[in-house]
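Below: the structure, in structure tokens.
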Amino acid sequence: MDDIELDLPSVATARNAGRILEIGAVGLRNLLPVDGEQTHAYVCCVDGTTLQLPDSLRNWAMQTLAANFDLRATGLPSLFPCRFEFGIRDGAAYAIPVTQRSLREKANA
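When we follow our numbering, the leftmost residue of the sequence shown carries the number 5, and every step to the right adds one.
Structure (structure tokens):
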């Protein structure tokens, strides 16, 4: 796989922003791995960049995919494109949706 690995910045507090990406899609590669292989999660950015997620965000990717499929199955619009903030806080990787309000709150903190 030739994807660039997503480099997660360490974030000291919730008031500091991590890496914000405009996401066009989330996906999984190698869903049925054979011995010695792994399933890899990735995000496709709206600029065409594909970034492989760290293993610690694989469950987030699966939950995000499931939520998006549920929305689409009920006739609601896709989650994508959308903005997510990625980082490491308190030793754990995170991915959270970004809103204009959350950006203003961090800027004013």
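Each residue gets a CB set at the ideal place from its N, CA and C atoms; glycine is no exception.
Span of the beta strand (DSSP E) around residue i
i     : result
Ala29 : 23-33
Residue i and residue j closer than 9 Å at C-beta
i     : j     : result
Phe90 : Leu69 : no
Closest residue to residue i among the options (Cα-Cα distance)
i     : options                    : result
Ser82 : Glu9, Val30, Ser14, Ile8   : Val30
Pro13 : Pro58, Arg33, Gly52        : Pro58
Asp11 : Gly79, Ala77, Thr54, Leu32 : Thr54
Trp64 : Arg23, Phe88, Ile24        : Phe88
Spatial neighbours of residue i in its chain, beta-carbon cut-off 8 Å, leaving aside the 5 residues before and after
i     : result
Pro37 : Thr43
Distance between residue j and residue i (C-alpha atoms, nearest Å)
i     : j      : result
Ala71 : Cys48  : 17 Å
Ile27 : Phe73  : 16 Å
Gly95 : Leu75  : 32 Å
Val50 : Pro101 : 15 Å
Leu35 : Ala45  : 10 Å
Limits of the alpha helix (DSSP H) - the one that residue i falls within
i     : result
Ala99 : Premise fails: Ala99 lies in the beta strand (DSSP E), 96-101, not in any alpha helix (DSSP H).
Same chain, Cβ closer than 6 Å to residue i, neighbours up to 5 away in sequence not counted
i     : result
Val15 : Gly22, Gly91, Arg93
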